[in-house]
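Numbering (the numbering used here), first residue to last: 204 to 405. Backbone N, C-alpha and C fix where the C-beta goes; we use that ideal spot for every residue, glycine too. Computed from a predicted model, the values in this text were never measured in an experiment.
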């Protein structure tokens with residue numbers, strides 16, 4: 204992994220996860236463990252309403268932490284109940300935390316390649332509906348990262364398991380002097396919880 208990513212992980216590893224959040228995260232760890240024990244592909248689709256902030260941060264950090272802990276066959280995706288665009292501050296925040304971001308298209312909904320290691324396949328990020336053809340169609344865990352998506356998606360076709368893991372939306376800080384700090388901290392929070400989940404896998 205890139206040196207700066209490893210330095211971020213060292214900070215993340217010292218963060219505390221509350222008992223309440225551990226309980227929320229337990230079904231996700233159990234899903235991953237079950238698939239790992241069976242030697243099956245582990246497909247994780249992180250879903251939030253607009254697929255613009257929390258779902259992308261979760262997708263990226265889950266992939267990074269799976270690599271960090273040497274968990275094989277983990278493939279992370281994201282989607283929304285509608286497609287918008289990955290919010291630029293997400294990419295900027297991840298760059299601050301050591302990841303390399305390459306913008307592959309200059310459109311209203313850009314495609315980003317996010318690299319965390321020189322020889323690892325980049326995480327491909329762009330806003331899409333959760334059932335977009337880019338995402339798996341069956342056998343995946345649908346991890347709901349916002350309460351709006353949880354309420355708006357009563358049924359997700361093809362999902363083997365539905366797991367609510369809500370995070371507070373950093374969008375509330377947009378345009379304020381707290382914006383950089385809020386996105387940075389939310390990214391760290393999500394990273395810490397993905398670190399915890401992957402650390403539980405035997």
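>> If I follow the unbroken beta strand (DSSP E) through residue 365, where does it start and stop?
In response: Its beta strand (DSSP E) spans residues 362-367.
>> Taking DSSP's pairing of strands, which residues face residue 278 in a bridge?
In response: 246
>> So, at 6 Å on beta carbons, what are the nonlocal neighbours of residue 367 in its own chain, with the 5 sequence-adjacent residues on each side left out?
In response: 347 and 353
>> Just to confirm before moving on: does the CB-CB distance between residue 221 and residue 297 stay below 8 Å?
In response: no
> Name the DSSP beta bridge partners of residue 316, please?
Replying inline: 305 and 327
>> Bridge partners for residue 241 per DSSP, in chain order?
In response: According to DSSP, residue 241 shares a beta bridge with no other residue.
>> Quick test of the definition: if touching needs 3 or more C-beta pairs under 8 Å, does the region 370-379 touch the region 241-248?
In response: no
>> Can you give me the C-alpha to C-alpha distance between residue 239 and residue 380, rounded to a whole angstrom?
In response: 43 Å
> From what residue to what residue does the alpha helix (DSSP H) around residue 215 run?
Replying inline: 206-216
> Around the C-beta of residue 217, are 16 or more other C-beta atoms found within 10 angstroms, so that it is buried, or is it exposed?
Replying inline: exposed
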